[in-house]
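*Asks:*
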Amino acid sequence: MKQFCLFVFLIGFTTCTYAQFESGTKFKAIPPTNIKPKEKKATPPPPIDSSVIIPPNIYKSPNVQSPPNPVSDYKLKVKSEISMIPKNEFINPGDEVRDRLNKKTDRQQGIAYRRNQNLGTYNTTSESAKVMYRDAQYVDGDLIRVYLNGEIIQTQVYLDSNFKGFEIALQKGFNKIDFEALNQGDSGPNTAEFRVYDDKKNLVSASEWNLGTGFKATIIIVKE
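In this text, residue positions in the sequence shown follow our numbering: the first is 1082, and each later residue adds one.
#1: Report the three-state DSSP secondary structure of Tyr1278 (helix, strand or coil).
#2: Would you mind working out which of Phe1255, Phe1296 and Ser1286 sits nearest Val1212, comparing C-alpha positions?
#3: Could you give the first and the last residue of the continuous beta strand (DSSP E) run that contains Tyr1219?
#4: Would you check if the distance between the CB atom of Gly1293 and the CB atom of Arg1226 is smaller than 7 Å?
#5: Is the beta carbon of Gly1222 closer than 7 Å to that of Asp1267?
#6: For Ala1250, count neighbouring C-beta atoms within 10 Å of its own C-beta (all shown protein chains included) and say buried if the count is 16 or more, exposed if not.
#7: Can the beta-carbon of Val1303 be found closer than 7 Å to that of Asn1204?
#8: Under 8 Å by Cβ, that's how I've got Leu1200 and Leu1224 pegged, so tell me the actual separation to the nearest angstrom.
#9: So, at 6 Å on beta carbons, what are the nonlocal neighbours of Trp1290 in its own chain, with the 5 sequence-adjacent residues on each side left out?
#10: Using a Cβ-Cβ cutoff of less than 7 Å, which residues in the same chain neighbour Thr1236 once the five nearest sequence positions on both sides are dropped?
#11: Among Asp1259, Tyr1219, Lys1282 and Asp1241, which one has its Cα closest to the Cα of Ser1209?
#12: If I measure Cβ to Cβ from Gly1254 and keep anything under 8 Å in the same chain, skipping five residues before and after, which residues do I get?
#13: By the three-class DSSP mapping on this structure, what secondary structure does Thr1106 have?
#14: Ile1258: buried (16+ other C-beta within 10 angstroms of its C-beta) or exposed?
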């Protein structure tokens, strides 16, 4: 029994000693080495590109020109008339309208008498006709010239307030009588009232003319 216990003790002691030897040879401590870390070289920054775009100043308004406006470029230009003559503030607006109408009427009248005037055509069986005339308004110096079928029968006649005239023998067919205004008197136009009678003193025609200088009033008497 004692021998068995001794045998077990020897085996355990031998195993422990061997383990200590193995651990001592396998795990050998390495002392630290004094190695300094390598110094890193500083990397220089990249060179600045001289072509870098500089941002504009946002506080300075850019000089931007608006495109042309075709509508505003072709606006009608209205001439402004400035009068240096003071006007009455209490002028009746109707007066200005009246004045414009009067001016228009004057122009229309001027156009009306600056033309030849047809006094009509009349038929008769009479052998002769008597033509009478006078100034239709107040006497202002109107002068006329009288033609029969294109021939002058009275060179110059002064129109006054009394009727005056001439008698003609009618030829078969057309008998044309022209009254030419030689002037327009003092007030214009040349105005006259005239009458035509047959050989029995019957009134054939009665009318008036209003002529500008150089224009004619014409009446035609047809003898049947």
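By construction, the Cβ of each residue, glycine as well, lies at the ideal position given by its N, Cα and C atoms. These figures come from a predicted structure and were not determined experimentally.
*Replies:* Short version:
#1: strand
#2: Ser1286
#3: For Tyr1219, there is no enclosing beta strand (DSSP E), as DSSP marks it with neither H nor E.
#4: no
#5: yes
#6: exposed
#7: yes
#8: Contact doesn't hold; Cβ gap of about 19 Å is too wide.
#9: Take Trp1290, set aside five residues on each side of it, and the residues of its chain with a beta-carbon closer than 6 Å to its own are Gln1198, Ala1273 and Ala1298, in chain order.
#10: Only Arg1226 meet the Cβ criterion.
#11: Lys1282
#12: Val1303 and Lys1304
#13: Unreliable positioning characterises Thr1106 in this predicted model, as indicated by a pLDDT of 46, which lies under 50. The coordinate reading is nonetheless provided below. Thr1106: helix per DSSP, three-state reduction.
#14: buried
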